[in-house]
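In order, the protein sequence lines correspond to chains A and B. In terms of the working numbering, the first sequence opens at residue 475 and continues consecutively. In terms of the working numbering, the second sequence opens at residue 475 and continues consecutively. Data block below; observations after.
Number of protein chains: 2
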Amino acid sequence: MTKLTLSSFVNGRKSLLEQRLTDYVLQLEIPTQLQESMIYSLQAGGKRLRPMLLFATVEGFGESFQESLPVACALEMIHTYSLIHDDLPAMDNDDLRRGKPTNHKVFGEATAILAGDALLTFAFQVIATMSETSVDSSQKLRLIVELAKAAGPQGMVGGQAADMEGENKQLTLSELEYIHHHKTGDLLSYAIIAGAILAKASEKDVENLRFFAKHLGLAFQIKDDILDIEGSEENLGKPVGSDISNEKSTYPKLLGLDGAKNKLDNHISLAKEYLYNVSINSEKLELLVDYIMNRDR
Amino acid sequence: MTKLTLSSFVNGRKSLLEQRLTDYVLQLEIPTQLQESMIYSLQAGGKRLRPMLLFATVEGFGESFQESLPVACALEMIHTYSLIHDDLPAMDNDDLRRGKPTNHKVFGEATAILAGDALLTFAFQVIATMSETSVDSSQKLRLIVELAKAAGPQGMVGGQAADMEGENKQLTLSELEYIHHHKTGDLLSYAIIAGAILAKASEKDVENLRFFAKHLGLAFQIKDDILDIEGSEENLGKPVGSDISNEKSTYPKLLGLDGAKNKLDNHISLAKEYLYNVSINSEKLELLVDYIMNRDR
Chain A
475 MTKLTLSSFV
485 NGRKSLLEQR
495 LTDYVLQLEI
505 PTQLQESMIY
515 SLQAGGKRLR
525 PMLLFATVEG
535 FGESFQESLP
545 VACALEMIHT
555 YSLIHDDLPA
565 MDNDDLRRGK
575 PTNHKVFGEA
585 TAILAGDALL
595 TFAFQVIATM
605 SETSVDSSQK
615 LRLIVELAKA
625 AGPQGMVGGQ
635 AADMEGENKQ
645 LTLSELEYIH
655 HHKTGDLLSY
665 AIIAGAILAK
675 ASEKDVENLR
685 FFAKHLGLAF
695 QIKDDILDIE
705 GSEENLGKPV
715 GSDISNEKST
725 YPKLLGLDGA
735 KNKLDNHISL
745 AKEYLYNVSI
755 NSEKLELLVD
765 YIMNRDR
Chain B
475 MTKLTLSSFV
485 NGRKSLLEQR
495 LTDYVLQLEI
505 PTQLQESMIY
515 SLQAGGKRLR
525 PMLLFATVEG
535 FGESFQESLP
545 VACALEMIHT
555 YSLIHDDLPA
565 MDNDDLRRGK
575 PTNHKVFGEA
585 TAILAGDALL
595 TFAFQVIATM
605 SETSVDSSQK
615 LRLIVELAKA
625 AGPQGMVGGQ
635 AADMEGENKQ
645 LTLSELEYIH
655 HHKTGDLLSY
665 AIIAGAILAK
675 ASEKDVENLR
685 FFAKHLGLAF
695 QIKDDILDIE
705 GSEENLGKPV
715 GSDISNEKST
725 YPKLLGLDGA
735 KNKLDNHISL
745 AKEYLYNVSI
755 NSEKLELLVD
765 YIMNRDR
């Protein structure tokens, strides 16, 4: 048997996901500008890391990824809405994302705000209207509660708000962890928890996966901070050292570069420990863990 | 028996609703600025018309309004988020709402965007986590699907987008109806449909209530347009004739003032016809219909 590679895993799933994402929005009878603006950002590419984590979890429990496509799409809609709103002039004021003009640069600020609101709202509709042959009502409600917690004031939006409140001030390590845990970690965790819910995993497995996901999320963020120092501008699509020139609090700034690398290794080890306690074929999740740790962008 | 008045109906329910709205957000452990910003707009007053329509429907079917408080709060959170985002500089750029500074004037644009996102997301969490003693899973999912449709791209957000696309251009009557049907009508309708779902009304009653709500929503908007011409600045809290000076398409502009008044009467009559077909004690809903038709603000 040939060894599974990351690219064969991703390639078999990414185009299906992207097609479905577009189909969901195309099927809506809504004003043209709004529809084009939603699709523009959904098609703007990216690693699709969250859906891949979801698929890897579902498949690790022996289920097919196709049945989980609606949840993967909802998750990617939430991630996409958060990027559209983050890029707005009042927030990060970014003109480019992944080398393409940001949503508000193409469609104007008002449409960008509305496209974000629309994607956020529609994500819940997509989960709530899933076919009952693949998930029952209690699974759907659990998927909705976990998504709202991960994306809302207790999750991603709360992390973003804390990040803004902490701007231009020296953060402690625990403040920095709070921000990253919620701003990026919660939605990464959701991908894994949602996979476990879809696969009807045991509560014990769900709890171990929650810790696995928490450490993975923090590792992801530390790696981002390290790449800002060691990466190449070409790979990152933004100037190297931009965090430093922005006076942003980062792990290397608080712990030194070696300290940050140790912290990264530490979180990856802890993540893997929790993963080994789960009754799952972890091959695909481990591929993604290795990718997160070794990526150059 | 004394005749029920609007003020006795509203007064017995409004303060409980407003207390619960604040409690929901206060119980969250989230960044201070975000929390204050959410509460500021939730406490900014207003008629609370949508929750009152929900209560009147639930009670018309013989249920107590207390059990429906979470859905009424979720609905008011969605309405509140829409006002916060609508007031933003990139949208209507309003400095005042109901005589108080708008959210972004107090907390800044970034926090206002996030507070809106947070209220929108949290609304779904509030419904999905309702106690199972009052509603079962299938009712919750239906409440969530209907809310997402009413608030999202097929509903309120779509209406808002269509309104923006139609700005500074002469609309046809059907374009104007599309905008109002979705921009304000869908969330008013949701109040009534949600009440019917909570009370486990028959499908026939739900469908008649849907038509009742549709005509009520259009009547509400026509009344708004008429008030812009005939109301007093003091009552409205904005300059009389501001729609005309903004070159906005309105019913009086398309139909003349008398034509608009006829249209209003027409929608109210149709609304009442549909309501009479429903197996409900319609006393409280009729109080609200009369209020909508006769209000001076």
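Quick reminder that beta carbons are idealized off the backbone N, C-alpha and C, glycines included. This structure is a prediction, so every number in the text was calculated from the model and none was measured.
Span separating the alpha-carbon of residue i from that of residue j
i, j, result
"L495 (chain A)", "L523 (chain A)", "15 Å"
"I666 (chain A)", "T658 (chain A)", "13 Å"
"D770 (chain A)", "Q507 (chain A)", "36 Å"
"S753 (chain A)", "A548 (chain A)", "26 Å"
"L729 (chain B)", "L647 (chain B)", "9 Å"
"S556 (chain A)", "R571 (chain A)", "13 Å"
"D764 (chain A)", "E641 (chain B)", "51 Å"
"A745 (chain B)", "S611 (chain A)", "34 Å"
"F483 (chain A)", "H654 (chain A)", "27 Å"
"L650 (chain A)", "E757 (chain B)", "56 Å"
"K688 (chain B)", "K574 (chain B)", "31 Å"
"N736 (chain A)", "R684 (chain A)", "22 Å"
"K678 (chain B)", "E606 (chain A)", "24 Å"
"Q540 (chain B)", "F539 (chain A)", "42 Å"
"G486 (chain A)", "G520 (chain B)", "52 Å"
"S542 (chain B)", "A624 (chain B)", "18 Å"
"K643 (chain A)", "N740 (chain A)", "27 Å"
Residue i - DSSP class collapsed to helix/strand/coil
i, result
"L749 (chain B)", "helix"
"R572 (chain A)", "coil"
"R522 (chain A)", "coil"
"Q517 (chain A)", "coil"
"T563 (chain B)", "Contrary to the premise, residue 563 (chain B) reads as Pro rather than Thr in this sequence. Correct three-state label for P563 (chain B): coil."
"L645 (chain A)", "coil"
"P505 (chain A)", "coil"
"M604 (chain A)", "coil"
"N755 (chain B)", "coil"
"T724 (chain A)", "coil"
"P544 (chain A)", "helix"
"D679 (chain B)", "helix"
"F535 (chain A)", "coil"
"D610 (chain B)", "coil"
"A673 (chain B)", "coil"
"D770 (chain A)", "coil"
"T658 (chain B)", "helix"
"Q628 (chain B)", "coil"
Sub-7 Å separation of residue i and residue j beta-carbons
i, j, result
"D591 (chain B)", "V631 (chain A)", "yes"
"D568 (chain B)", "T576 (chain B)", "yes"
"P563 (chain B)", "A635 (chain A)", "no"
"L749 (chain A)", "F686 (chain A)", "yes"
"G669 (chain B)", "T554 (chain B)", "no"
"E537 (chain A)", "A673 (chain A)", "yes"
"L661 (chain B)", "S723 (chain B)", "no"
"M638 (chain A)", "A518 (chain B)", "no"
"G534 (chain A)", "L690 (chain A)", "no"
"S511 (chain A)", "F581 (chain A)", "yes"
Sequence-distant residues of its chain with Cβ nearer than 8 Å to residue i (five each side left out)
i, result
"M767 (chain A)", "A693, K697, L738, I742"
"Y652 (chain B)", "G633, A636"
"I671 (chain A)", "Q613, R616, L617, E620, V680"
"I513 (chain A)", "T496, V499, L500"
"F598 (chain B)", "A548, I618, L621, A622"
Rounded distance between the beta-carbons of residue j and residue i, thought under 8 Å
i, j, result
"A622 (chain B)", "T595 (chain A)", "5 Å"
"L761 (chain A)", "L478 (chain A)", "7 Å"
"H656 (chain A)", "G629 (chain A)", "5 Å"
"I558 (chain B)", "S515 (chain B)", "5 Å"
"M551 (chain B)", "L593 (chain B)", "4 Å"
"N682 (chain B)", "N755 (chain B)", "Contact doesn't hold; Cβ gap of about 15 Å is too wide."
beta-carbon residue i near the ligand MG non-hydrogen atom, thresh 6 Å
i, result
"I653 (chain B)", "You won't find the ligand MG in this model; it holds no ligand whatsoever."
Cut-off 6 Å between Cβ atoms - residues of its own chain near residue i, not counting five sequence neighbours on either side
i, result
"K488 (chain B)", "R522"
"P544 (chain A)", "V600, M604"
"A586 (chain B)", "I558, N577, H578"
Chain-order list of residues whose beta-carbon lies under 7 Å from that of residue i (same chain, five-residue window excluded)
i, result
"A734 (chain B)", "I696, D699, I700, Y725, P726"
"K579 (chain A)", "D569"
"L588 (chain B)", "L508"
"A546 (chain B)", "L491, P525, L528, F529"
"L480 (chain B)", "L761, Y765"
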